[in-house]
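The sequence shown maps to residues -7 to 168 in my numbering.
All C-beta atoms, glycine included, are put in the ideal place defined by N, C-alpha and C.
Just so you know, these numbers come straight off a predicted model, no measurement behind them.
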Amino acid sequence: MAIRKIVKLGDESLRKTCKPQETFSLRLWTLLKDMADTMYQAEGVGLAAPQVGILRRCVVIDISEDRSGLIELINPEIIDRSEETQCGREGCLSLPGRAGIVTRPMRVTVRAQDRHGKTFELTGEGLLARAICHELDHLDGVLYIDEMDREMTPEEIEADNQRQQRLAEERKKSGE
Ligand SMILES: [Zn+2]
C-alpha cells in the first residue's frame, strides 16, 4: 500500500489542465492503486490525479459506506446532465476542514475509459453525480470553491457532521 501526499489549496497542481492518459499499463495501474489507497486512508469519496501532483486525466471515486464500490475513470467526459439539480454540502481533501454549499446536476452520465483503455458509460445520481462533477472539475483546475453558492461556517459543518454520524449509527442499528 502506497499512500501519496495530497496537495493542498495553493499548490499549483490544483490549477492546471491535466493531459489525457494515453498508456494503459503498469504505471497507470500503480497510480490508480495508490490513489485509491490514499482516498480510503483520508476517508474521502473521490480523488483526482492532480491532487497527488500527477497532471493526468484520472479519477477514483467510492461513495459506498463499506468502501467496496471503487470506480476508476480515465479520460472522463460528462456527456449528459439532468436539468434537475441538487444543492448540498461539498468538501475536498485538498481543502481540509472546509465545506461549501454547491449546486450540481441531480444526474450525470459520464463516458470514460477503464484501466485497460476500454470505453464505457456510467450514470450517477445524487452523491455519485456530485462526486463525478467535483472530481472531473479537478482535471481542469477547477475547485468547488469556484462554484459554491456559499461557504459553510465551522458551526454548520460541526452540526452537519453530528447529524451524519447519527444517521450512520441509525443505519447500522437497523442493519443488525
Ligand atoms: Zn476535491
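Any 3 or more C-beta pairs closer than 8 Å across the segment 57 to 64 and the segment 133 to 148: no
Inter-residue spacing [alpha-carbon to alpha-carbon] between residue -3 and residue 30: Working through the sequence shown from its first residue, we reach residue -3 at position 5. Working through the sequence shown from its first residue, we reach residue 30 at position 38. Using only the alpha carbons, I get a separation of about 8 Å.
Cβ-heavy atom distance, residue 10 to ligand 1, below 6 Å: Along the sequence shown, one-based indexing puts residue 10 at 18. Checking the Cβ of residue 10 against ligand 1 gives no.
Contact under 7 Å by Cβ, residue 116 with residue 9: One-based indexing of the sequence shown puts residue 116 at position 124. One-based indexing of the sequence shown puts residue 9 at position 17. No, they are not a contact pair.
N- and C-terminal bounds of the alpha helix (DSSP H) containing residue 167: Locating residue 167 in the sequence shown gives position 175, where the first residue counts as 1. Segment 146 to 167, the alpha helix (DSSP H) holding residue 167.
At least three beta-carbon pairs within less than 8 Å, the segment 100 to 108 to the segment 70 to 80: Counting Cβ pairs under 8 Å, three or more are found: they touch.
Beta-carbon spacing of residue 86, residue 43 below 7 Å: Counting from 1 along the sequence shown, the entry for residue 86 is found at position 94. Counting from 1 along the sequence shown, the entry for residue 43 is found at position 51. It is a contact, given that the beta carbons lie within the stated cut-off.
C-alpha distance - residue 15 paired with residue 27, whole-angstrom precision: For the purposes of this step, residue 15 is taken as the residue at position 23 of the sequence shown. For the purposes of this step, residue 27 is taken as the residue at position 35 of the sequence shown. Going by the C-alpha atoms only, they are around 17 Å apart.
Closer than 6 Å: residue 125 CB and nearest ligand 1 heavy atom: As a working mapping, residue 125 is identified with position 133 in the sequence shown. Shortest gap from the CB of residue 125 to any heavy atom of ligand 1: 6 Å or more.
Proximal residues to residue 92 (C-beta, below 7 Å), its chain only, five neighbours per side dropped: For this step, residue 92 is matched to residue 100 along the sequence shown. Same-chain partners within the cutoff: 82, 136, 137, 140, 142, 143 and 144.
Helix, strand or coil at residue 22 according to DSSP, with G and I counted as helix: Start at 1 with the first residue of the sequence shown, and residue 22 comes out as number 30. Residue 22: helix per DSSP, three-state reduction.
Limits of the beta strand (DSSP E) - the one that residue 40 falls within: In the sequence shown, counting from the first residue as 1, residue 40 sits at position 48. Residues 38 to 40.
Paired residues, beta bridge with residue 69 - DSSP: The residue you call residue 69 lines up with position 77 of the sequence shown. Note: residue 69 sits in a beta bridge opposite 103.
Host alpha helix (DSSP H) of residue 135 (start-end): As a working note, residue 135 is residue 143 in the sequence shown. Premise fails: residue 135 is in no alpha helix (DSSP H) and is neither H nor E.
Burial state of residue 39 (16 or more Cβ within 10 Å): The residue you call residue 39 lines up with position 47 of the sequence shown. Classification of residue 39: buried, given that the 10 Å Cβ count is 16 or more.
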